[in-house]
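Worksheet: the structure to be examined is printed underneath.
2 protein chains.
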Amino acid sequence: MAAAIADPVRRQILVMLRGGRLSAGQIAGRFPISRPAVSRHLRVLRQSGLVRDELVGRQRLYELDAGRFTELAAWLAPFLQPSDWEHRLDALETEVYRTRRERRAADQTKENTA
Amino acid sequence: MAAAIADPVRRQILVMLRGGRLSAGQIAGRFPISRPAVSRHLRVLRQSGLVRDELVGRQRLYELDAGRFTELAAWLAPFLQPSDWEHRLDALETEVYRTRRERRAADQTKENTA
DNA sequence: AGAAAGGGTAACCTATTGGTTACGCGTTTG
DNA sequence: CAAACGCGTAACCAATAGGTTACCCTTTCT
Chain A
1 MAAAIADPVR RQILVMLRGG RLSAGQIAGR FPISRPAVSR HLRVLRQSGL
51 VRDELVGRQR LYELDAGRFT ELAAWLAPFL QPSDWEHRLD ALETEVYRTR
101 RERRAADQTK ENTA
Chain B
1 MAAAIADPVR RQILVMLRGG RLSAGQIAGR FPISRPAVSR HLRVLRQSGL
51 VRDELVGRQR LYELDAGRFT ELAAWLAPFL QPSDWEHRLD ALETEVYRTR
101 RERRAADQTK ENTA
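From first to last, the protein sequence lines stand for chains A and B.
UniProt numbering applies: residue 1 is where the first sequence begins, and numbers increase by one.
UniProt numbering applies: residue 1 is where the second sequence begins, and numbers increase by one.
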């Protein structure tokens, strides 16, 4: 799976898919290489599990599979320093951190009820 | 740099180095492949910047270079879901999170003083 | 039904990679 | 100072990866 992100074209594809689902043709159209070449990159990504595909009519739509990225992050995490995590925390302060506290509070309530 | 972690031997080496500095010979000794083969993997890791080396007498000691892992994490982060970060937060609750809050408090104090 | 569109697979070629053995060079040791 | 140690590099070889063109299947349009 780590080998899947080794190739620059495949990394590009992953970044593109962050913007939403794309068909094979749309993806291939954005690269200077031939369509079959892109098709094989897509196969590698599929087999690595980083990407999922669905057939819709005569086209095949691709989208990210978030689960696998979590595995990558899990492997990477032990190499990171605490300060790295702090930066992430800063970035997500308003997003995650608050909702997290809110759910905490909710859980507290439940515990008291139970 | 992403290509550096594509190879399983190199990933193994990185994991080994998490335990501290190791000489080239110590690293090579833990693999079934020949020493020159390992030596070239080490060169790839060196050139990728994930690893630093220092010559000590007639041996060459290797250690992780944390900075590059941060870059990897930065690339990976946009692919992760908020829930992933929450898990990390749980794992680091006592480590980072508390000291973070403590420093926050300290900064607050400074602001009031200034 | 036939033509066109979307897209994967096969066969093929070249460049890269990862392994091996042979070798060279600086550092330690007897 | 010579022998031994630690380790990188060079030359070579087989396997893999990534590109290309040619081909085939399925779905849509007329």
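C-beta atoms are modelled at their ideal positions from N, C-alpha and C, and glycine is treated no differently.
Predicted, not measured: the structure shown is a model, and the values here were computed from it.
Return the chain-ordered list of same chain residues with a C-beta closer than 7 Å to the C-beta of residue i, the five sequence neighbours on each side being excluded.
{"i": "D84 (chain A)", "result": "none"}
{"i": "A4 (chain A)", "result": "R10, V44, L45, S48, L50"}
{"i": "T113 (chain A)", "result": "Bear in mind that the predicted position of T113 (chain A) carries a pLDDT of just 47, short of 50, making it too unreliable to give a figure here."}
Give me, in chain order, the residues of the same chain whose beta-carbon lies closer than 6 Å to that of residue i; leave out the 5 immediate sequence neighbours on both sides.
{"i": "V9 (chain B)", "result": "H41"}
{"i": "F31 (chain A)", "result": "V38"}
So with Cβ pairs under 8 Å, would you call residue i a contact of chain B?
{"i": "L72 (chain A)", "result": "yes"}
{"i": "D43 (chain A)", "result": "Looking at the sequence itself, residue 43 (chain A) is Arg, so the reference to Asp does not match. It does not; no Cβ of chain B falls within 8 Å."}
{"i": "A28 (chain A)", "result": "no"}
{"i": "Q81 (chain A)", "result": "yes"}
{"i": "L22 (chain A)", "result": "no"}
{"i": "R46 (chain A)", "result": "no"}
{"i": "A2 (chain A)", "result": "yes"}
{"i": "R40 (chain A)", "result": "no"}
{"i": "residue 115 (chain A)", "result": "Residue 115 (chain A) cannot be examined here, being either before or after the span of chain A that is shown, 1 to 114."}
{"i": "residue 115 (chain A)", "result": "Chain A is shown from 1 up to 114; residue 115 (chain A) falls before or after that span and cannot be answered."}
{"i": "R18 (chain A)", "result": "yes"}
{"i": "L55 (chain A)", "result": "no"}
{"i": "L61 (chain A)", "result": "no"}
{"i": "F31 (chain A)", "result": "no"}
Where does residue i fall in DSSP's three states?
{"i": "T113 (chain B)", "result": "Because T113 (chain B) sits at a pLDDT of 48, beneath the cut-off of 50, its placement in the model cannot be relied upon, and the point is left open."}
{"i": "H87 (chain B)", "result": "helix"}
So, is the C-beta of residue i closer than 8 Å to a C-beta in chain A?
{"i": "R11 (chain B)", "result": "yes"}
{"i": "P78 (chain B)", "result": "yes"}
{"i": "R52 (chain B)", "result": "no"}
Spatial neighbours of residue i within its chain, please: C-beta separation below 8 Å, excluding the five flanking residues on both sides.
{"i": "A74 (chain B)", "result": "none"}
{"i": "F69 (chain A)", "result": "L50"}
{"i": "A6 (chain A)", "result": "none"}
{"i": "M1 (chain A)", "result": "S48, G49, L50, R68, E71, L72"}
{"i": "R18 (chain A)", "result": "L64"}
{"i": "L76 (chain B)", "result": "none"}
{"i": "G29 (chain B)", "result": "none"}
In chain order, each alpha helix (DSSP H) run of at least 4 residues that lies wholly inside the UniProt domain "HTH arsR-type" (1 to 84) of chain A: Fully enclosed alpha helix (DSSP H) runs of 4 or longer: 8 to 17, 24 to 29, 35 to 48, 66 to 76.
Count the CB pairs spanning the segment 8 to 22 of chain A and the segment 37 to 57 of chain A that are closer than 8 Å, and state whether there are at least three. Short answer: they touch.
Should the segment 20 to 27 of chain A be regarded as contacting the segment 58 to 75 of chain A, the criterion being three or more beta carbon pairs within less than 8 Å? yes
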